[in-house]
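For reference, the structure is listed below as structure tokens.
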Amino acid sequence: IGGGPYTGAPALVGYGALGVGGDLIHVATPALAAQVVASYSPMFIVHPLVGHRLLREDTRQIVELASRADAIAIGPGLGDAEGTLDAVKEIVRSIALPLVVDADAIRAVASDPKCLVGKRAVITPHSREFQTLTGKALPDAPEDRAELVREAAKTLGATILLKGHVDIVTDGTRVKFNYTGNPGMTVGGTGDVLCGVVAGLMSKGMPPFDAARLGAFTNGYAGDLAFKIKSYGLTSVDVADNLGRVLAEFL
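Sequential numbering from 5 applies to the sequence shown in the numbering used here.
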């Protein structure tokens with residue numbers, strides 16, 4: 005569930021899910037973005053929503069679509085209009101599936117964290133989004149960040165995958181560090197791919213914490229493979245294109 009102001013983001017989420025074995029990728033996106041998103045891949049099943057942005061009126065359609073799904077990713081490219089953020093909260097409350105909360109959806113759940121109660125959720129912030137989520141600024145060192153991230157995950161009842169030069173994954177009890185990835189991955193869109201990777205893994209039945217830590221490793225390693233060829237010229241699509249190579253190497 006994404007797109008509207010930014011049409012590429014939900015497509016990159018779809019690429020990420022496909023790259024780890026997602027079977028069918030349904031994309032719910034505002035009508036203005038639907039044709040653009042569909043043009044990125046013939047493997048996307050695109051469902052146009054009513055307006056130019058996600059609105060609360062779209063909730064019923066999305067809940068019906070969710071009945072066909074095994075996991076949901078919400079947030080990338082949605083924008084932060086007030087009506088959109090209200091819609092995100094209502095959708096999160098209404099869906100019982102495993103879900104990844106990313107990008108603009110993080111701002112929504114930050115204003116009403118109770119909507120996450122009882123959910124099997126992975127939240128994927130970078131440091132600024134983490135501050136929006138918790139009101140707390142993070143120190144630079146991963147070891148110093150870990151306890152703050154763990155406390156936030158415990159409070160929210162969710163798994164947090166904090167994106168950074170070292171990723172931190174925690175469910176409020178367990179904490180894992182991920183060291184794959186490289187500076188070339190600061191290019192736009194790699195977080196959208198990661199969102200899709202985690203959602204794709206959860207769609208296969210993987211628990212949120214395991215999907216988050218494996219997703220972080222897989223996405224970062226795919227970026228490392230891309231960096232060997234493209235160096236700092238790599239793009240998020242290059243990362244997605246290498247996900248299958250990671251699976252082939254380790255499975």
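Just so you know, even glycine gets a beta-carbon here, dropped at the ideal spot from N, CA and C.
None of the values given here were measured: they were computed from a predicted structure.
| query | result |
| --- | --- |
| So, are the CB atoms of D84 and R111 less than 8 Å apart? | yes |
| Buried or exposed: P143, going by 16 or more other Cβ atoms within 10 Å of its Cβ? | exposed |
| Nearest by alpha-carbon distance to V105: which of H51, Y236, T239 and G195 is it? | G195 |
| Return the CA-CA distance between I29 and A150, expressed in angstroms with no decimal places. | 33 Å |
| Decide yes or no for the touch test of the region 38–47 against the region 201–220: beta carbon pairs closer than 8 Å, at least 3 of them. | no |
| Scan the region 15–95 and note each continuous alpha helix (DSSP H) run of 4 residues or more that stays entirely inside, going in chain order. | 35–44 and 63–70 |
| Leaving out the 5 sequence neighbours to the left and right, which residues in its chain are closer than 6 Å to H56 when beta-carbon positions are compared? | P34 and L36 |
| Taking only three categories from DSSP, how would you classify N223? | helix |
| Quick check: the Cα distance between P129 and L198, rounded to an integer number of angstroms? | 11 Å |
| With DSSP run on the structure shown, which of helix, strand or coil describes T128? | coil |
| Does K167 come out as helix, strand or coil in the three-state DSSP assignment? | coil |
| So what's L3 in DSSP terms, helix, strand or just coil? | Missing from the structure shown is residue 3; the chain here goes from 5 to 255 and no further. |
| Helix or strand or just coil, what does DSSP make of I172? | strand |
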